[in-house]
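Visitor: Line order of the protein sequences matches chains A, B and C.
Note that the working numbering has the first sequence beginning at 30, numbered continuously upward.
Note that the working numbering has the second sequence beginning at 25, numbered continuously upward.
Note that the working numbering has the third sequence beginning at 66, numbered continuously upward.
A single structure is presented below for examination.
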Amino acid sequence: MSSIFSLTMLAESIRIAVPYACAAIGGVWAERAGVIQIGLEGILLTGAFTAVSVTHATHSPTLGLVAAIGAGIALSLGHGQLTERARVHAVISGIALNLLALAATRMGLRALYDSASNSPGIEAYRFGPTGATGGAMLLRVLADPVFFCALAAVAATPFVLRNTRFGLRVRAAGENPVATASVGISVTRVRLSALAVSGAICALGGAHLAYDQQRFESGMSAGRGFIALAAVVVSGWRAGRAALACLAFGVLEALQITLQDEVRKTAVGDLIQTLPYVATLLVLALAPRRAGAPEGLGKHAAE
Amino acid sequence: MNDKRVRALLPIVLAIAGGILLFNLIAFAFGEAPASALRVAFEGTWGTPYGFGQVLFKATPLLFTGLAFEVALRAGLFNIGAEGQLALASLVGALVAANLPASLPMPIALPIVLAVAAAVGALVAFVPAILRARRGVHEIITAIMVNRIVDAILPWTFSTVLGSTSLRTADIAPGAALPRLDRVVPSFAGSAASFAFPLAVVIVFAAMSLLDRTRPGREIRWVGLRPEACRAEGIDVERRMLLAMLLSGALAALAVSSTALGYKGYYELGLGAGAGWSGIAVAMLGRGKAIGIVLAAIFLGTLEQAGLAVNARVPKEAMDVLEATLIVLVAVASRVASKRTGVVQAADPEPEPPRDNPAPTPASEEARS
Amino acid sequence: MRGPVMKIEDIAVRYGDCWSIRSATITLEPGVIHAILGENGAGKSTLLKAAVGFAPRVAGTVRIEGGAGAIGMVHQHFMLVSAFTALENLVLGNEPTGSFGRLDLAKARREAEALMEKTGLRVNLDARTSELAVGERQRLEILRVLYRGARAILLDEPTAVLSPLEAEELYTTLGVLAEGGATIAVVTHRMDEVIRFAGHVTIMRRGRTVLSRPIAAEERSDPKRLEDVLTRAIMGGEPPPETSPPALAQDAKVALSIEDLVLVDAGGKRVLDGLSLTVKKGEIVGIAGIEGNGQRELVRAAAGLEPGVAGSIVLDGARLPAVRSTEDLRKRRRAIAVVHEDRHADGLMLDASVGDNLVLGELGEIDGPGAEAALITRRIERFGVYPPEPARRAGELSGGNQQKVVVGRALDRIEASPERALVVLGQPTRGVDVGAASTIHGAIVKAAEKGLAVLVVSADLGELRRLSHRILVIHRGRIVAELPPTTSDDVIGRAMLGMEDA
Numbered sequence: 030m031s032s033i034f035s036l037t038m039l040a041e042s043i044r045i046a047v048p049y050a051c052a053a054i055g056g057v058w059a060e061r062a063g064v065i066q067i068g069l070e071g072i073l074l075t076g077a078f079t080a081v082s083v084t085h086a087t088h089s090p091t092l093g094l095v096a097a098i099g100a101g102i103a104l105s106l107g108h109g110q111l112t113e114r115a116r117v118h119a120v121i122s123g124i125a126l127n128l129l130a131l132a133a134t135r136m137g138l139r140a141l142y143d144s145a146s147n148s149p150g151i152e153a154y155r156f157g158p159t160g161a162t163g164g165a166m167l168l169r170v171l172a173d174p175v176f177f178c179a180l181a182a183v184a185a186t187p188f189v190l191r192n193t194r195f196g197l198r199v200r201a202a203g204e205n206p207v208a209t210a211s212v213g214i215s216v217t218r219v220r221l222s223a224l225a226v227s228g229a230i231c232a233l234g235g236a237h238l239a240y241d242q243q244r245f246e247s248g249m250s251a252g253r254g255f256i257a258l259a260a261v262v263v264s265g266w267r268a269g270r271a272a273l274a275c276l277a278f279g280v281l282e283a284l285q286i287t288l289q290d291e292v293r294k295t296a297v298g299d300l301i302q303t304l305p306y307v308a309t310l311l312v313l314a315l316a317p318r319r320a321g322a323p324e325g326l327g328k329h330a331a332e
Numbered sequence: 025m026n027d028k029r030v031r032a033l034l035p036i037v038l039a040i041a042g043g044i045l046l047f048n049l050i051a052f053a054f055g056e057a058p059a060s061a062l063r064v065a066f067e068g069t070w071g072t073p074y075g076f077g078q079v080l081f082k083a084t085p086l087l088f089t090g091l092a093f094e095v096a097l098r099a100g101l102f103n104i105g106a107e108g109q110l111a112l113a114s115l116v117g118a119l120v121a122a123n124l125p126a127s128l129p130m131p132i133a134l135p136i137v138l139a140v141a142a143a144v145g146a147l148v149a150f151v152p153a154i155l156r157a158r159r160g161v162h163e164i165i166t167a168i169m170v171n172r173i174v175d176a177i178l179p180w181t182f183s184t185v186l187g188s189t190s191l192r193t194a195d196i197a198p199g200a201a202l203p204r205l206d207r208v209v210p211s212f213a214g215s216a217a218s219f220a221f222p223l224a225v226v227i228v229f230a231a232m233s234l235l236d237r238t239r240p241g242r243e244i245r246w247v248g249l250r251p252e253a254c255r256a257e258g259i260d261v262e263r264r265m266l267l268a269m270l271l272s273g274a275l276a277a278l279a280v281s282s283t284a285l286g287y288k289g290y291y292e293l294g295l296g297a298g299a300g301w302s303g304i305a306v307a308m309l310g311r312g313k314a315i316g317i318v319l320a321a322i323f324l325g326t327l328e329q330a331g332l333a334v335n336a337r338v339p340k341e342a343m344d345v346l347e348a349t350l351i352v353l354v355a356v357a358s359r360v361a362s363k364r365t366g367v368v369q370a371a372d373p374e375p376e377p378p379r380d381n382p383a384p385t386p387a388s389e390e391a392r393s
Numbered sequence: 066m067r068g069p070v071m072k073i074e075d076i077a078v079r080y081g082d083c084w085s086i087r088s089a090t091i092t093l094e095p096g097v098i099h100a101i102l103g104e105n106g107a108g109k110s111t112l113l114k115a116a117v118g119f120a121p122r123v124a125g126t127v128r129i130e131g132g133a134g135a136i137g138m139v140h141q142h143f144m145l146v147s148a149f150t151a152l153e154n155l156v157l158g159n160e161p162t163g164s165f166g167r168l169d170l171a172k173a174r175r176e177a178e179a180l181m182e183k184t185g186l187r188v189n190l191d192a193r194t195s196e197l198a199v200g201e202r203q204r205l206e207i208l209r210v211l212y213r214g215a216r217a218i219l220l221d222e223p224t225a226v227l228s229p230l231e232a233e234e235l236y237t238t239l240g241v242l243a244e245g246g247a248t249i250a251v252v253t254h255r256m257d258e259v260i261r262f263a264g265h266v267t268i269m270r271r272g273r274t275v276l277s278r279p280i281a282a283e284e285r286s287d288p289k290r291l292e293d294v295l296t297r298a299i300m301g302g303e304p305p306p307e308t309s310p311p312a313l314a315q316d317a318k319v320a321l322s323i324e325d326l327v328l329v330d331a332g333g334k335r336v337l338d339g340l341s342l343t344v345k346k347g348e349i350v351g352i353a354g355i356e357g358n359g360q361r362e363l364v365r366a367a368a369g370l371e372p373g374v375a376g377s378i379v380l381d382g383a384r385l386p387a388v389r390s391t392e393d394l395r396k397r398r399r400a401i402a403v404v405h406e407d408r409h410a411d412g413l414m415l416d417a418s419v420g421d422n423l424v425l426g427e428l429g430e431i432d433g434p435g436a437e438a439a440l441i442t443r444r445i446e447r448f449g450v451y452p453p454e455p456a457r458r459a460g461e462l463s464g465g466n467q468q469k470v471v472v473g474r475a476l477d478r479i480e481a482s483p484e485r486a487l488v489v490l491g492q493p494t495r496g497v498d499v500g501a502a503s504t505i506h507g508a509i510v511k512a513a514e515k516g517l518a519v520l521v522v523s524a525d526l527g528e529l530r531r532l533s534h535r536i537l538v539i540h541r542g543r544i545v546a547e548l549p550p551t552t553s554d555d556v557i558g559r560a561m562l563g564m565e566d567a
């Protein structure tokens with residue numbers, strides 16, 4: 030049981046938490062600007078697929094990362110075009126985005142690698158010491174450039190939202206789009222910009238997920254986008270708290286993986302896998318009612 | 025009236041045309057001459073009685089899940105938990121069906137199994153429903169969590185509770201099985217279309233008619249349109265939301281009739297998976313009408329079957345891409361269509377003072393238009 | 066510093082198929098307060114919105130010296146982000162920034178302080194906007210317009226939410242700004258404000274400008290005459306709608322008695338603070354007050370929608386039990402009918418049919434589709450809902466007809482109820498055209514004649530005067546004065562401020 034409080038455990042928790050945190054920060058950007066975004070899952074998946082396929086083709090994880098971010102921005106902007114310009118309901122658009130990402134990545138697997146389940150392996154970033162000690166694992170996790178980008182995004186988001194002109198306008202568009210438009214700001218443009226940021230950060234999480242596995246697997250986002258969304262809600266739409274909530278998920282999942290082998294033999298067995306979801310449900314059930322939700326979430330400046 | 029009908033149908037026509045165009049593009053990208061891929065797709069579906077039977081078979085679960093999404097949408101709720109509701113209901117339903125005495129006649133056995141499945145589906149839907157009604161937690165997030173939990177419960181049940189290694193239940197009692205349609209239409213021979221299809225069509229029409237005519241049905245719709253006004257006028261908003269969500273879960277669960285009961289004769293892990301998601305597309309294409317849901321389900325069933333027919337040349341996943349795109353296309357097209365024709369204003373001599381804060385369009389209407 | 070000249074020529078504005086302005090021509094010059102006067106729905110607010118490009122103009126021209134940036138508008142519903150601080154709202158859209166787009170709030174604060182010094186408009190810059198008083202929010206809006214460098218300010222019904230004293234202060238400030246050379250236009254429906262403060266008046270009727278002329282100083286010495294002239298232009302020769310309350314029996318019994326109602330909101334504020342009142346059978350009692358003094362909560366408490374309320378509501382001698390379930394609410398509805406002030410939120414389903422709206426909440430009480438259709442037809446006919454088509458979408462009706470649906474449903478239902486006792490109406494004719502208003506007033510009077518006790522909450526003193534037997538003034542969640550309907554605006558106004566001598 031000593032394995033629970035170890036550097037290995039810490040390294041595992043952080044590694045697992047990164048995609049969640051990226052998706053959650055992406056969610057904060059979209060929803061603080063007033064756009065309901067349940068398509069994070071699809072962006073994670075697309076980011077992962079793009080990162081792997083471009084890395085596979087060019088042997089450059091950096092190019093893969095850039096491409097993933099580009100794909101994330103494109104999908105997020107597509108969502109924005111539908112909700113802000115065509116005024117499609119954001120939930121419908123988000124569902125379609127998720128379904129599209131799942132189907133398109135599977136079609137991509139068939140087209141590029143003639144496989145229904147996964148891509149061939151890729152060489153992702155390899156920094157930090159080798160070895161299986163907890164310290165080495167932790168250093169490897171921390172030295173990863175994708176992790177670094179994610180960390181920067183997590184740290185910068187609250188600052189940008191609070192202290193810059195762009196952040197002020199994003200918050201204004203999310204809180205009261207009508208008032209924002211009345212002072213001559215284009216709510217649509219602000220929201221699309223925020224969505225671009227959202228898509229970029231979220232796709233970063235997808236790239237991390239794929240590089241971590243060193244390949245793409247069909248449906249590998251496995252509900253992380255939705256858990257991240259839950260983290261956004263629980264945190265009251267605040268970036269720092271959402272990231273912390275995601276770290277908590279990371280710990281929970283790392284715990285589950287560590288315990289799994291021992292538990293599997295007991296009556297609980299596979300049920301241990303439900304731990305993160307049950308925890309999310311409990312937190313959502315016990316958290317105060319929608320505290321902190323942007324008032325203009327899902328509303329538009331004009332009919 | 026004619027104009028209204030055109031406005032309702034135009035989005036569908038435009039969306040389907042866009043879908044066919046996209047299919048051709050995908051086929052072209054995979055090195056197929058578009059026309060030949062289309063021809064293969066047609067021959068594999070509507071071209072032969074067998075293909076058509078398969079279309080009906082594929083459409084059957086979508087009738088249930090599409091109706092399920094529609095019922096919840098009327099109350100302004102998005103039930104995207106149909107996957108989990110159907111999966112757990114299928115397992116429990118099949119287990120019950122497998123343990124019924126073999127001598128039990130169909131008029132008794134079948135209703136028992138369907139009722140059990142519906143109850144389980146409603147139970148699974150109860151979690152997001154109660155959290156939404158009582159705690160205001162958005163049903164989308166909770167429904168996904170519940171889906172994930174069900175995903176883990178199923179293999180656990182097989183391995184730990186049932187102690188089986190095959191991830192399937194025993195064969196169901198003969199009385200619980202729905203006969204194949206080829207018993208009355210011999211040319212369907214070989215296809216998996218069963219009496220679950222006519223059953224589903226009847227249920228869609230009956231349910232939609234009840235929703236339009238009865239007090240609970242109308243109040244569900246009103247609650248979706250403006251909950252505050254309903255609350256002020258003494259309608260129990262929470263109870264109506266709960267009812268809509270539980271109904272939705274129960275209806276989604278009935279899709280087991282076409283999978284375990286009408287096709288396999290047992291339940292295995294993954295049977296019927298994906299129907300919950302496609303149901304969303306069916307409801308969007310169905311435009312809130314019974315006939316719309318039936319046609320949309322047959323159309324998406326055609327897509328699924330066509331995907332299998334062309335799989336050798338174009339991956340069948342292309343059809344899933346099409347389906348997701350169709351949801352978007354129909355939503356955009358109907359939005360454009362309603363904008364183009366505009367709102368029909370009453371000829372009123374007094375100009376209305378413009379509203380500074382236009383009341384937000386309720387989810388149940390906005391999602392559709 | 067001189068403000069721009071604005072010329073609006075022959076513009077027309079349409080919402081959907083509904084003409085809000087048919088033809089309006091107006092020239093705004095700097096130096097005086099320019100009042101735009103007219104009935105509800107005459108197109109006044111739309112005129113301002115068209116000037117700042119906020120309304121769908123289909124014809125005509127708007128010419129502004131110095132371009133659109135030279136003018137700013139203060140909307141009737143304030144355009145402020147309530148989660149922001151006052152300072153954040155002030156700079157929104159015009160933010161001073163340092164490097165990398167960083168906000169320079171220190172610079173903004175210096176500029177704002179200077180502006181407040183110069184104009185005398187004071188606002189607590191660090192307060193959350195949702196915590197500012199109404200008058201403060203309005204000052205913030207005006208400051209924002211000036212902060213953006215605009216030299217023309219258009220104000221839409223600025224005094225609707227102010228006490229008479231605050232209104233006077235506002236006009237003084239606007240007068241100073243105008244003398245300094247700014248261009249000021251104010252939309253209002255209060256004649257006394259125009260006569261006292263405006264240097265130029267434009268009158269709109271049914272989407273047209275029908276009169277636009279300066280007001281000479283000597284005209285103010287004979288306000289009665291000026292008022293006559295303006296009234297005739299507003300009404301266009303039509304007599305004002307006449308309604309009067311029915312005769313009240315001397316020995317009428319008390320039907321409703323509210324005692325010591327207390328309601329504390331989420332922020333700990335006592336929105337109802339020991340409110341007590343009585344209404345007799347057949348009596349119409351008006352509630353006057355500045356918006357946000359507990360009117361909305363009083364109506365909701367009577368309806369049973371405020372579970373946290375303390376105190377007692379006694380109806381026909383029996384104390385009403387607290388509402389704990391929908392069943393309790395339905396029981397209360399059999400004795401009390403309520404029209405809420407915000408019909409779009411609490412009264413109407415815009416996307417449902419007129420018929421569905423007319424029986425909302427009554428499905429369990431009607432036997433069969435035949436009876437329902439008959440009921441709907443009767444209500445449509447009785448209240449003159451136009452067009453008289455049950456299947457038409459409620460959102461397609463004009464505001465007046467929508468309100469007829471809401472009021473008609475409430476009154477027709479309660480009059481048929483054997484347990485009927487009370488009708489409570491919040492702002493029954495707000496934003497409603499003259500014709501619909503007189504239909505609604507007639508129905509209210511009729512309800513009183515049938516022996517129902519009636520409580521009318523309204524911001525329109527004229528309406529209260531015409532309808533009520535008594536006017537009660539609400540201030541900070543309690544009744545502070547009881548006045549006869551003949552009381553002058555001035556006296557009612559002082560009471561609305563909570564002044565003791567009223």
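Just so you know, even glycine gets a beta-carbon here, dropped at the ideal spot from N, CA and C.
As the structure is a computational prediction, the values presented were derived from the model and not from experiment.
Enumerate, from N- to C-terminal direction, the unbroken alpha helix (DSSP H) stretches of 4 or more residues contained entirely within the stretch 252-306 of chain A.
Guide: The stretch 252-306 of chain A contains these whole alpha helix (DSSP H) runs: 253-263, 268-293.
Visitor: Just to make sure I have the definition right: I need the residues of chain A whose C-beta is within less than 7 Å of the C-beta of Leu10 (chain B). Which are they?
Guide: Given that chain B is displayed from residue 25 to residue 393, the structure contains no residue 10 (chain B) and the question cannot be resolved.
Visitor: Inspect the beta-carbon positions of Gly412 (chain C) and Val471 (chain C) and report whether they are closer than 8 Å.
Guide: Yes, these two residues count as a Cβ contact at 8 Å.
Visitor: Which residues in chain C sit within 7 Å of Leu258 (chain B), going by Cβ to Cβ distance?
Guide: It should be noted that the sequence gives Gly, not Leu, for residue 258 (chain B). Ordered by position in chain C, the residues that pass the 7 Å Cβ test against Gly258 (chain B) are Thr391, Leu394, Arg395, Arg398, Gly426.
Visitor: Relative to chain C, which residues along the stretch 223-252 of chain B have a C-beta separation below 7 Å, given in chain order?
Guide: Listed by position along the chain: Arg239, Arg242, Glu243, Trp246, Leu249, Arg250, Glu252.
Visitor: Based on the DSSP output, what are the partners of Ala518 (chain C) in its beta bridges?
Guide: Answer is C:Leu487.
Visitor: What are the residues of the stretch 205-219 of chain A that lie near chain C, defined by any Cβ-Cβ distance shorter than 9 Å?
Guide: Residues passing the 9 Å Cβ filter: Asn205, Val207, Ala208, Thr209, Ala210, Ser211, Val212, Gly213, Ile214.
Visitor: Are the stretch 53-60 of chain A and the stretch 225-233 of chain A in contact at 8 Å, needing three or more beta carbon pairs?
Guide: Flag = yes, the stretch 53-60 of chain A and the stretch 225-233 of chain A touch.
Visitor: In whole angstroms, what separates the C-alpha of Asn123 (chain B) from that of Lys396 (chain C)?
Guide: Asn123 (chain B) and Lys396 (chain C): Cα-Cα distance of roughly 49 Å.
Visitor: Under the criterion of a Cβ to heavy atom distance below 7 Å, does Leu73 (chain A) qualify as lining the ligand HEM?
Guide: Questions concerning the ligand HEM fall outside what the structure shown contains, since it holds no ligand whatsoever.
Visitor: Measuring CB atoms only, is the stretch 210-223 of chain C touching the stretch 240-254 of chain C, in the sense that at least three cross pairs come out at less than 8 Å?
Guide: The stretch 210-223 of chain C vs the stretch 240-254 of chain C: in contact.
Visitor: Within the same chain, show all residues whose beta-carbon is closer than 8 Å to that of Glu94 (chain C), passing over the 5 residues directly before and after it, in chain order.
Guide: Within the same chain, Glu94 (chain C) has close Cβ partners Val70, Thr248, His265.
Visitor: Ala342 (chain B) touches chain A at which residues, Cβ-Cβ below 7 Å?
Guide: Chain A residues near Ala342 (chain B): Met136.
Visitor: Measuring only the C-alpha atoms, how far is Ala217 (chain B) from Ala279 (chain B)?
Guide: Using only the alpha carbons, I get a separation of about 13 Å.
Visitor: Helix, strand or coil: how does DSSP classify Trp395 (chain B) here?
Guide: Lying outside 25 to 393, the shown extent of chain B, residue 395 (chain B) is not represented and no answer is given.
Visitor: I think Glu570 (chain C) touches Glu371 (chain C), with their Cβ atoms under 8 Å apart; what is that distance to the nearest whole Å?
Guide: No answer is possible for residue 570 (chain C): it lies beyond the span of chain C, which begins at 66 and ends at 567.
Visitor: Could you check where the alpha helix (DSSP H) with Glu60 (chain A) kicks off and where it finishes?
Guide: Here the alpha helix (DSSP H) through Glu60 (chain A) covers 36-61.
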